[in-house]
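Numbering (the working numbering), first residue to last: 1 to 306.
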């Protein structure tokens with residue numbers, strides 16, 4: 001690897017790095033000078049099974065290109081597994097500078113049919129996993145008074161989607177987690193930001209393609225590659241982003257978006273207080289002009305990827 005990269009000599013932990021977006025981030029981190037912990041359980045899209053092969057293959061690619069990397073196959077869903085992931089960084093490279101929480105699974109189901117195991121599994125990997133790995137790295141980042149978290153959210157949570165109550169809840173929860181980390185750890189020069197990715201991957205590959213409309217949507221998504229996401233992740237882990245924290249970004253092919261955060265958009269006031277009837281008669285009609293429709297991601301991002 002050439003000297004002088006954006007994350008030269010930093011140690012980056014990338015979860016879910018055996019395939020897709022995580023793989024591309026791990027490879028670019030290494031190309032830009034980082035030493036990388038490549039974490040991947042090696043399971044299926046729904047989280048079943050385990051295979052050490054994907055993580056080992058990415059480590060092999062990094063080493064073949066002259067970089068430094070170590071594989072880890074622990075589950076982010078377990079506190080001990082997350083501790084082992086960070087220990088791999090500390091034991092191998094002596095520090096941890098960047099944590100990219102990318103690992104994820106899908107168990108899509110329309111809400112009124114969603115089972116408790118389907119809910120629990122997705123929350124465990126996405127939301128609990130982001131907390132577990134972030135928390136395991138926090139003492140080291142606090143002690144060295146530096147560090148950056150890159151959390152992965154989704155427009156399924158930021159905007160909405162059918163059949164993904166578990167995934168949407170976890171991904172919007174990660175936004176709150178990231179903001180809290182940014183606030184609580186700012187005194188130690190530790191940052192946390194979110195990326196909402198648009199890219200073709202195994203997880204996106206579960207979208208149905210039974211109708212012409214669905215096929216057209218998939219054709220658009222397939223234009224967006226996992227490698228498109230990696231540059232922003234590497235930037236957010238670099239010192240060039242030292243003043244960027246608590247933000248939500250989206251990447252869609254060659255587009256980078258700054259995503260809004262909830263703030264008041266309209267208010268109503270009653271000097272005598274509100275009754276349910278007064279809300280129905282006056283309060284809610286005054287607010288309705290600013291209501292958000294039941295949009296999905298495709299309704300908001302309704303133009304072709306640029």
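The C-beta atom is built at its ideal place from N, Cα and C for all residues, glycine as well.
No experiment lies behind these values; they were computed from the predicted model shown.
Buried/exposed call for residue 258, threshold 16 Cβ in 10 Å: Taking the chain shown and counting its residues from 1, one reaches residue 258 at position 258. Looking at its Cβ environment, which holds fewer than 16 other Cβ atoms inside 10 Å, residue 258 is exposed.
The region 80–97 / the region 9–24 touching (three or more Cβ pairs under 8 Å): Touching, per the Cβ criterion.
Validate contact between the region 276–284 and the region 244–262 using beta carbons, cut 8 Å, 3 pairs: Too few Cβ pairs lie closer than 8 Å, so no.
Proximity of residue 28 and residue 230 at Cβ, strictly below 8 Å: Numbered from 1 along the chain shown, position 28 holds the residue referred to as residue 28. Numbered from 1 along the chain shown, position 230 holds the residue referred to as residue 230. Contact check for residue 28 against residue 230 passes: the beta carbons are separated by less than 8 Å.
Residue 127 versus 118, 83 and 76, residue with shortest Cα-Cα distance: The residue labelled residue 127 in the question sits at position 127 within the chain shown. Checked all of 118, 83 and 76; the closest Cα to residue 127 is 76.
Proximity below 8 Å, CB of residue 266 to CB of residue 290: For this step, residue 266 is matched to residue 266 along the chain shown. For this step, residue 290 is matched to residue 290 along the chain shown. The Cβ atoms of residue 266 and residue 290 sit closer than 8 Å to each other.
Contact between the region 159–173 and the region 115–123 (3+ Cβ pairs under 8 Å): In short, these stretches touch, since the Cβ pair count reaches three.
C-alpha gap between residue 78 and residue 271, whole angstroms: Here the question's residue 78 lines up with position 78 in the chain shown. Here the question's residue 271 lines up with position 271 in the chain shown. The alpha-carbon separation between residue 78 and residue 271 amounts to approximately 52 Å.
Contact the region 99–113 vs the region 55–70: 3+ CB pairs below 8 Å: These segments do not touch.
Cutoff 6 Å; reference residue 5; Cβ partners in own chain excluding five residues on either side: As a first step, residue 5 is located in the chain shown; it is residue number 5 there, counting from the start. The answer, listed in chain order, is 32 and 33.
Complete runs of the alpha helix (DSSP H) confined to the region 229–278 [at least 4 residues]: As far as the region 229–278 is concerned, its whole alpha helix (DSSP H) runs of at least 4 residues are 230–237.
Which of helix, strand or coil DSSP assigns to residue 170: Start at 1 with the first residue of the chain shown, and residue 170 comes out as number 170. Helix, per DSSP.
Same chain only: Cβ atoms within 6 Å of residue 157, ignoring 5 sequence neighbours per side: Here residue 157 refers to the residue found at position 157 of the chain shown. Cβ neighbours of residue 157 within its own chain (closer than 6 Å, five residues either side excluded): 168, 171 and 172.
For residue 293: DSSP bridge partner residues: Within the chain shown, numbered from 1, the residue matching residue 293 stands at position 293. DSSP, once it has assigned bridges, lists no residue as partnering residue 293.
Outcome for residue 232 when other beta-carbon atoms lying within 10 angstroms are tallied against a minimum of 16: Here residue 232 corresponds to residue number 232 of the chain shown, with the count starting at 1. Residue 232 should be labelled buried.
Own chain residues within Cβ distance below 6 Å of residue 22, not counting five before or after: On the chain shown, position 22 is the one that residue 22 refers to. Once the five neighbours on either side are set aside, the close Cβ partners of residue 22 are 14, 16 and 102.
Element boundaries [alpha helix (DSSP H), containing residue 101]: Here residue 101 refers to the residue found at position 101 of the chain shown. From DSSP, residue 101 is part of no alpha helix (DSSP H) but of the beta strand (DSSP E) over 98–101.
DSSP-derived helix/strand/coil call for residue 70: By one-based count along the chain shown, residue 70 stands at place 70. In this structure, residue 70 counts as strand in the three-state DSSP scheme.
Alpha-carbon to alpha-carbon, residue 262 and residue 269: Your numbering for residue 269 matches position 269 in the chain shown. Your numbering for residue 262 matches position 262 in the chain shown. Residue 269 and residue 262 have their alpha carbons spaced roughly 20 Å apart.
For residue 147, three-class secondary structure by DSSP: If you number the chain shown from 1, residue 147 lands on position 147. In the structure shown, residue 147 sits in a strand (DSSP, three-state: E or B).
DSSP-derived helix/strand/coil call for residue 109: If you number the chain shown from 1, residue 109 lands on position 109. It is a strand residue.
DSSP state of residue 180 mapped onto helix, strand, coil: Position 180 of the chain shown, counting from 1, holds the residue named residue 180. Correct three-state label for residue 180: helix.
C-beta contact flag for residue 340 and residue 174 at 8 Å: Nothing can be reported for residue 340, as the shown portion of the chain is limited to 1 through 306.
Buried/exposed call for residue 162, threshold 16 Cβ in 10 Å: One-based indexing of the chain shown puts residue 162 at position 162. So residue 162 ends up on the exposed side.
Paired residues, beta bridge with residue 164 - DSSP: Residue 164 sits at position 164 when you count from the first residue of the chain shown. In the DSSP assignment, residue 164 is bridged to 109.
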